[in-house]
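Novice:
Number of protein chains: 2
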Amino acid sequence: MTDSKLRTDPVAPGKRDRLIAAAAQMVYEQGVEATTIADIAQAAGIPVGNVYYYFKAKNDIIAAVIDSRAGDIRDLLAAIEACHDRPADRVKALLRAIGGDGEIVARFGCPLGTLCQELSKHPGGPDPSILLRLPIDWAERQFAAMGRADARELAVQVIAAYQGTALLTSALRDPGVMARESARIEAWLDSL
Amino acid sequence: MTDSKLRTDPVAPGKRDRLIAAAAQMVYEQGVEATTIADIAQAAGIPVGNVYYYFKAKNDIIAAVIDSRAGDIRDLLAAIEACHDRPADRVKALLRAIGGDGEIVARFGCPLGTLCQELSKHPGGPDPSILLRLPIDWAERQFAAMGRADARELAVQVIAAYQGTALLTSALRDPGVMARESARIEAWLDSL
DNA sequence: GTCTATAGCCAGATAGAC
DNA sequence: GTCTATCTGGCTATAGAC
Numbered sequence: 000m001t002d003s004k005l006r007t008d009p010v011a012p013g014k015r016d017r018l019i020a021a022a023a024q025m026v027y028e029q030g031v032e033a034t035t036i037a038d039i040a041q042a043a044g045i046p047v048g049n050v051y052y053y054f055k056a057k058n059d060i061i062a063a064v065i066d067s068r069a070g071d072i073r074d075l076l077a078a079i080e081a082c083h084d085r086p087a088d089r090v091k092a093l094l095r096a097i098g099g100d101g102e103i104v105a106r107f108g109c110p111l112g113t114l115c116q117e118l119s120k121h122p123g124g125p126d127p128s129i130l131l132r133l134p135i136d137w138a139e140r141q142f143a144a145m146g147r148a149d150a151r152e153l154a155v156q157v158i159a160a161y162q163g164t165a166l167l168t169s170a171l172r173d174p175g176v177m178a179r180e181s182a183r184i185e186a187w188l189d190s191l
Numbered sequence: 000m001t002d003s004k005l006r007t008d009p010v011a012p013g014k015r016d017r018l019i020a021a022a023a024q025m026v027y028e029q030g031v032e033a034t035t036i037a038d039i040a041q042a043a044g045i046p047v048g049n050v051y052y053y054f055k056a057k058n059d060i061i062a063a064v065i066d067s068r069a070g071d072i073r074d075l076l077a078a079i080e081a082c083h084d085r086p087a088d089r090v091k092a093l094l095r096a097i098g099g100d101g102e103i104v105a106r107f108g109c110p111l112g113t114l115c116q117e118l119s120k121h122p123g124g125p126d127p128s129i130l131l132r133l134p135i136d137w138a139e140r141q142f143a144a145m146g147r148a149d150a151r152e153l154a155v156q157v158i159a160a161y162q163g164t165a166l167l168t169s170a171l172r173d174p175g176v177m178a179r180e181s182a183r184i185e186a187w188l189d190s191l
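As they're listed, the protein sequences go chains A and B. Here numbering that gives the first Met the number 0 is used: the first residue of the first sequence is 0, the next is one more, and so on. Here numbering that gives the first Met the number 0 is used: the first residue of the second sequence is 0, the next is one more, and so on.
#1: So, is residue 18 of chain A buried or exposed, given that buried needs 16 or more other C-beta atoms within 10 angstroms?
#2: Within 7 angstroms of any Cβ in chain B, is that where the Cβ of residue 98 of chain A sits?
#3: Please confirm whether residue 120 of chain A has its beta-carbon closer than 7 angstroms to some beta-carbon of chain B.
#4: Residues of chain B with CB under 7 angstroms from residue 155 of chain A, in chain order?
#5: Using 10 angstroms around the beta-carbon of residue 90 of chain B, count the other beta-carbons present and answer buried if the total reaches 16, otherwise exposed.
#6: Taking a Cβ distance cut-off of 8 angstroms, strictly less, list which residues of the segment 13-42 of chain B are near chain A, in chain order.
#7: Between A/84, A/109, A/51, which lies nearest to residue 23 of chain A when the distance is taken from Cα to Cα?
#8: Determine the chain A residues that contact residue 117 of chain B at a beta-carbon separation under 7 angstroms, and present them in chain order.
#9: In angstroms, rounded to a whole number, what distance separates the CA positions of residue 177 of chain B and residue 161 of chain A?
#10: Select from B/121, B/126, B/125, B/156 the residue whose C-alpha is nearest the C-alpha of residue 138 of chain B.
#11: Cβ of residue 141 of chain A less than 7 angstroms from any chain B Cβ?
#12: Please list the segments of the alpha helix (DSSP H) lying wholly inside the segment 18-98 of chain A, counting only runs of 4 or more residues, in order along the chain.
#13: Listing by chain order, which chain A residues have their CB less than 8 angstroms from the CB of residue 72 of chain B?
#14: DSSP three-state label for residue 106 of chain A, please.
#15: Measure from the C-beta of residue 44 of chain A to each C-beta in chain B and report whether the shortest distance is under 7 angstroms.
#16: Could you tell me whether the Cβ of residue 163 of chain B comes closer than 7 angstroms to any Cβ of chain A?
#17: Within 7 angstroms of any Cβ in chain B, is that where the Cβ of residue 81 of chain A sits?
#18: Between the Cα of residue 32 of chain A and the Cα atoms of B/131, B/118, B/190, B/146, which residue gives the shortest distance?
#19: Measure from the C-beta of residue 67 of chain B to each C-beta in chain A and report whether the shortest distance is under 7 angstroms.
#20: So, at 8 angstroms on beta carbons, what are the nonlocal neighbours of residue 39 of chain A in its own chain, with the 5 sequence-adjacent residues on each side left out?
#21: Quick check on residue 163 of chain B: does DSSP put it in helix, strand or coil?
#22: Listing by chain order, which chain A residues have their CB less than 9 angstroms from the CB of residue 93 of chain B?
#23: Which whole-angstrom value is the C-beta distance of residue 30 of chain A and residue 57 of chain B, which I expect to be below 8 angstroms?
#24: What in chain A is Cβ-close to residue 123 of chain B, meaning under 9 angstroms?
#25: Taking 7 angstroms as the CB-CB cut-off, is residue 131 of chain A touching chain B?
#26: Buried or exposed: residue 190 of chain A, going by 16 or more other Cβ atoms within 10 Å of its Cβ?
#27: How far does the alpha helix (DSSP H) with residue 124 of chain A in it reach, from first residue to last?
Here's what the structure looks like:
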């Protein structure tokens, strides 16, 4: 998507971004299918018809949401690398950042995992897999930096453990699941 | 739901069951929201309007699908207990039964996990959490039979690992993820 | 019980005034 | 660029003939 700093047209500052932010939140809370253009427009404080000035179709909004979340992930990973030196600490920081609030996860699941899962049932639509590839690839690099030959498998394992935990947490509506599993995964990371 | 063996009205043999089976398959492949009554009726070979003779509303069909899948799970767990004596073998058999075909999981995810996740974003609708509670509770009993004091946590851990793996497998469209993680989880079960 | 026809609603998307 | 009004289509659900 167009970087807002490099966008050529100077007008409508922030309106497009407000639409994307509103869409991201509604999609997270309700899912893609259940979220209507009217929902998004209302949440962004913009008339319904005007949405189509910024996006040709609903799928284009979803694609913009994916790009926006991918940018957030990249920023997060960069910030973690700047704050932590030890690879194990970095992976722990990632898990805390995305699974930190168990109450929220219990209500809506993981923002990345739930989006990927819903969209994966609709081939032909926008591809959200980057949202999981980014953290997996990054975790792989951290494990490689620890000298692990099985870095890829460890990366898949830790992200899968988190995604599965988030799914159980929301399905069972029990933040305690996330709390207990997070503690276990962190202990496991320290033991590597 | 009414047990078909005990149902009082003798007519329409199998039609209701065919609707439920068709709905279960369509919901698995497309998700709940994207599946229409017309889809289900067509797949079952029944006229659209007639669906409402068997189910008052769409949510009632979804509830019947959940009940049907819960019955399947109970049957599966009972069959596993009859075939295997060692608790570790039983848990391994469960994982193989629900995650056996990586190609299918890569396309549609886990039938239980994806349904739970989608419905968990819509409180007020039918509650699918039984579909995850059944295998978790059963796995807990297996680990308890192995003498593990942390049986509950192990049960959550193993189901979460499977669910997370299924999610990554479908999001990345890579059956290899399921194959490799299954092997790792089975080895871990053997090491307990 | 079974099926056809259709009502009623609401979504995504468009036209065009300002 | 912004917004109002509206079109079109598809979905859930119902009415009522057979």
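For each residue, glycine too, the CB sits at the ideal point set by N, CA and C. Since the model is a prediction, treat every value here as computed from it, not as a measurement.
Specialist: A quick look at the data gives this:
#1: buried
#2: no
#3: yes
#4: 167, 176, 180
#5: buried
#6: 28, 29, 30, 32, 33
#7: A/109
#8: 30, 117
#9: 16 angstroms
#10: B/156
#11: no
#12: 36-43, 50-53, 57-82, 86-98
#13: Going along chain A, no residue has its Cβ under 8 angstroms from residue 72 of chain B, so there is no contact; the nearest lies around 14 angstroms.
#14: helix
#15: no
#16: yes
#17: no
#18: B/118
#19: no
#20: 18, 21, 22, 25, 50, 60
#21: helix
#22: The contacting residues do not exist; residue 93 of chain B stays about 15 angstroms from chain A at best.
#23: The pair is not a contact, with the Cβ atoms about 16 angstroms apart (cut-off 8 angstroms).
#24: In chain order: nothing, as chain A lies at least about 12 angstroms away.
#25: yes
#26: exposed
#27: Where residue 124 of chain A is concerned, there is no enclosing alpha helix (DSSP H), given that its DSSP letter is neither H nor E.
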